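Per the working numbering, the very first residue in the sequence shown carries number 326; after that it's consecutive.
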Amino acid sequence: MIFTAENILLIGSILLFVSIVVGKTGYRFGVPALLLFLLVGMFFGSDGLGLQFHNAKVAQFIGMVALSVILFSGGMDTKFKEIRPILSPGIVLSTVGVFLTALFTGLFIWYLSGMGWTNIHFPLITSLLLASTMSSTDSASVFAILRSQKMNLKHNLRPMLELESGSNDPMAYMLTIVLIQFIQSDGMGTGTIIGSFIIQFLVGAAAGYILGKLAILILNKINIDNQSLYPILLLSFVFFTFAITDLLRGNGYLAVYIAGMMVGNHKITFRKEIATFMDGLTWLFQIIMFLMLGLLVNPHEMLEVAVVALLIGVFMIVIGRPLSVFLCLLPFRKITLKSRLFVSWVGLRGAVPIIFATYPVVANVEGSNMIFNIVFFITIVSLIVQGTSVSFVARLLHLSTPLEKTGNDFGVELPEEIDTDLSDMTITTEMLNEADTLKDMNLPKGTLVMIVKRGDEFLIPNGTLKLHVGDKLLLISEKNKKEAVENE
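Spelled out as structure tokens, the structure:
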């Protein structure tokens, strides 16, 4: 079947529906949703039900749009107070770590290329290019699994891994682009390469910071009658940030991630509506991107490189990633050995390497189709081996803790502008022995009961309401008074 204007909506709706249903099933069993979305795309693709999609340029464009939204949303979820203690190791992993992973893996690929029994014969620069496309990690699937298992991580590992995965794509992108330019120009000077890296980092970081501040200012100052337009306004800033940074020769992916961090860590109007919109849009773009990549690949072509790709994948998992992590974390003596081992294991490859692997294809680099198939195969290996074992390894290393409860059981949220906290409390027998009515309860000063839930019934509270065991109370308290009570 060929994509046409008449059937694209029908095919698209079926693909989205099947992906969501399959993704939900996999989520329950701890299988990365990314892997399932890729498999759905492959099932419907040229070697499956016959959908034909082979346009690498279109795939690259869709990937660029999707990654802009995904990285911006990831930046919004990255809290300064959480990453501040692990900022240095996170940045080292996302820059030096990516470079070392690309270097070690590239040298191994070059070594394999020199062997007579292999079917790849890449020169050194092409070997480094292949390694660079898959040198960044993906955290979305990892933390989806941790959440499904109701698990958290000790020693600030979760924010460190989130910071690394959210900020290491720019480094892999720059390595990929510079090596493609090096191949096409028959060599570049060391000064040119270093200058390109510095400009991309500095311009990307500055543009992200400035445009993030501008987005906050406009969101809070502009007066739009329809609050549904605020998320769309922010979305326009996401695409503008990426595009203008790229025009200025900066790194657009770094810019959108930093802009997202700026927006996520400051007060903005209609935060709840914006967060809900961005979360849904992120999932939509993830599904579209993964499905598209599954459709783009020809599975029978991956079989031709299966042996070599498996060897490269095993090298990255067992040697390349751990060696890079241990070297990067040498200066940080407070990070435990178990934490280093876990960070080494969570070198999960995702959609980003596959997107980056389309760049050599579009640039007509010699051997680019083989590069794409090898990267795709290794991504699947990584998702199966590492993605399905993250929670097991965390428990094995005694780094897992129960996931902390967030929000309240009533699903009620208040605007950020209201300086209050919402929490819930369940009435126990011991509480009733001390007081069986609200007026007799010893609640902290400045705390009020908003509503009482008894079974499926919601009761408006008053002082004389008789409480029962199992009643849930929704509490509202002023933040400053709550903190004062906790400090006493």
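Note that CB positions come from ideal geometry on N, CA and C, so glycine has one too.
If you're wondering where the values come from, they're calculated on a predicted model, not measured in any experiment.
> Counting pairs of beta carbons, one from the region 574-594 and one from the region 536-548, are three or more of them closer than 8 Å?
Replying inline: yes
>> Once DSSP output is grouped into helix, strand and coil, what is the label at Phe783?
In response: Along the sequence shown, read from residue 1 onward, the residue named residue 783 stands at position 458. Strand, per DSSP.
> Just how far apart, CA to CA, sit Gly638 and Val650?
Replying inline: By one-based count along the sequence shown, residue 638 stands at place 313. By one-based count along the sequence shown, residue 650 stands at place 325. Near 16 Å, if we compare the C-alpha coordinates of Val650 and Gly638.
>> What does the alpha-carbon distance come out to for the pair Arg779 and Gly795?
In response: Position 454 of the sequence shown holds residue 779. Position 470 of the sequence shown holds residue 795. Arg779 and Gly795: Cα-Cα distance of roughly 7 Å.
> Roughly how many angstroms lie between the CA atoms of Ala497 and Leu428, to the nearest whole one?
Replying inline: Stepping through the sequence shown from its first residue, residue 497 is reached at position 172. Stepping through the sequence shown from its first residue, residue 428 is reached at position 103. Roughly 12 Å between the two C-alpha positions.
>> Tell me whether the region 482-499 and the region 578-585 touch, counting them as touching only if at least three CB pairs, one residue from each stretch, are closer than 8 Å.
In response: Touching, per the Cβ criterion.
> Among residues of its own chain, excluding the 5 on either side of Gln385, which ones have a beta-carbon nearer than 8 Å to its beta-carbon?
Replying inline: Within the sequence shown, numbered from 1, the residue matching residue 385 stands at position 60. Cβ neighbours of Gln385 within its own chain (closer than 8 Å, five residues either side excluded): Ile680, Thr683, Tyr684 and Val687.
> Would you say Ala540 and Val503 are within 7 Å of each other, going by their C-beta atoms?
Replying inline: One-based indexing of the sequence shown puts residue 540 at position 215. One-based indexing of the sequence shown puts residue 503 at position 178. Not a contact, by the Cβ cut-off of 7 Å.
>> The alpha helix (DSSP H) that contains Ile801, what's its start and end?
In response: To locate residue 801, count along the sequence shown from 1; it is residue 476. Ile801 -> not in any alpha helix (DSSP H); beta strand (DSSP E) instead, spanning Lys797 to Glu803.
> Skipping 5 residues on each side, what residues in its chain have a beta carbon closer than 7 Å to that of Leu616?
Replying inline: In the sequence shown, counting from the first residue as 1, residue 616 sits at position 291. Around Leu616: Leu340, Ser344, Phe362, Val365 and Gly366.
>> Please return the same chain residues whose Cβ sits closer than 8 Å to the Cβ of Leu396, not counting the five positions on each side in sequence.
In response: Your numbering for residue 396 matches position 71 in the sequence shown. So the qualifying residues of the chain are Gly491, Asp494, Tyr578, Val581, Tyr582 and Gly585.
> In this structure, does DSSP put Met766 in helix, strand or coil?
Replying inline: Walking along the sequence shown from the start, residue 766 turns up at place 441. Coil, per DSSP.
> Three-state secondary structure (DSSP) at Lys791?
Replying inline: By one-based count along the sequence shown, residue 791 stands at place 466. Of the three classes helix, strand and coil, the one that applies to Lys791 here is strand, per DSSP.
>> Looking only at its chain, what residues have a beta carbon closer than 8 Å to the beta carbon of Glu811, apart from the 5 residues adjacent to it on each side?
In response: As a first step, residue 811 must be located in the sequence shown, where it is residue number 486. The predicted model places Glu811 with a pLDDT of 43, which falls under 50 and marks its position as unreliable; any figure quoted below should be read in that light. Closer than 8 Å at Cβ, skipping near neighbours: no residue.
>> What does the alpha-carbon distance come out to for the pair Val677 and Ile543?
In response: Taking the first residue of the sequence shown as position 1, residue 677 is located at position 352. Taking the first residue of the sequence shown as position 1, residue 543 is located at position 218. Straight-line Cα distance between these residues: approximately 31 Å.
> Can the beta-carbon of Thr607 be found less than 7 Å from the beta-carbon of Ser398?
Replying inline: Here residue 607 refers to the residue found at position 282 when the sequence shown is read from its first residue. Here residue 398 refers to the residue found at position 73 when the sequence shown is read from its first residue. Taking 7 Å as the Cβ cut-off, Thr607 and Ser398 qualify as a contacting pair.
>> What would DSSP say about Met775, mapped onto helix, strand or coil?
In response: Working through the sequence shown from its first residue, we reach residue 775 at position 450. Strand at Met775.
>> Taking 7 Å as the threshold (C-beta atoms), are Leu488 and Leu724 in contact?
In response: The residue labelled residue 724 in the question sits at position 399 within the sequence shown. The residue labelled residue 488 in the question sits at position 163 within the sequence shown. No, the Cβ-Cβ distance between Leu724 and Leu488 is not below 7 Å.
> Is the distance from the Cβ of Lys791 to the Cβ of Asp765 below 7 Å?
Replying inline: Your numbering for residue 791 matches position 466 in the sequence shown. Your numbering for residue 765 matches position 440 in the sequence shown. Contact flag unset, no.
> Cα separation between Gly712 and Phe424?
Replying inline: For the purposes of this step, residue 712 is identified with residue 387 of the sequence shown, where counting begins at 1. For the purposes of this step, residue 424 is identified with residue 99 of the sequence shown, where counting begins at 1. Roughly 23 Å between the two C-alpha positions.
> How many angstroms separate the CA atom of Thr601 from the CA atom of Leu554?
Replying inline: Numbered from 1 along the sequence shown, position 276 holds the residue referred to as residue 601. Numbered from 1 along the sequence shown, position 229 holds the residue referred to as residue 554. Computed Cα separation, rounded: 13 Å.
> Enumerated in chain order, which unbroken segments of the alpha helix (DSSP H) with a length of 4 residues or greater are wholly contained in the region 656-721?
Replying inline: 662-670, 676-687, 693-707 and 715-721
> Which one or two residues does DSSP pair with Leu396 in a beta bridge?
Replying inline: What you label residue 396 is simply residue 71 of the sequence shown in a count that begins at 1. Answer is none; Leu396 lacks a bridge partner.
> DSSP state of Leu478, grouped into three classes?
Replying inline: Counting from 1 along the sequence shown, the entry for residue 478 is found at position 153. Leu478 falls in the strand class under three-state DSSP.
> If you scan the region 601-667 from start to end, which runs of the beta strand (DSSP E) of 3 or more residues do you find wholly inside it?
Replying inline: Correct list: empty.
> Is it right to say Met440 is buried, meaning 16 or more other beta carbons lie within 10 angstroms of its own, or is it exposed?
Replying inline: Counted from its first residue, the sequence shown places residue 440 at position 115. So Met440 counts as exposed.
>> Which residue marks the beginning of the alpha helix (DSSP H) containing Ser413, and which one marks its end?
In response: Translated into positions along the sequence shown, residue 413 becomes position 88. Residues Leu412 to Val417.
> Any chance the region 405-418 sits against the region 431-450, with 3 or more Cβ pairs inside 8 Å?
Replying inline: These segments do not touch.
> Is the CB of Asn493 under 7 Å away from at least one CB in chain B?
Replying inline: Note that chain B does not occur in the displayed structure, where there is just one protein chain.
> Measuring CA to CA, which of Pro786, Pro647 and Thr517 is closest to Leu662?
Replying inline: Taking the sequence shown and counting its residues from 1, the one referred to as residue 662 is at position 337. Leu662 has its Cα closest to that of Pro647, out of Pro786, Pro647 and Thr517.
> How close, in whole Å, do the beta carbons of Val394 and Cys653 come, if the pair is a contact with beta carbons under 8 Å?
Replying inline: Position 69 of the sequence shown, counted from the start, is the residue given in the question as residue 394. Position 328 of the sequence shown, counted from the start, is the residue given in the question as residue 653. Contact doesn't hold; Cβ gap of about 29 Å is too wide.
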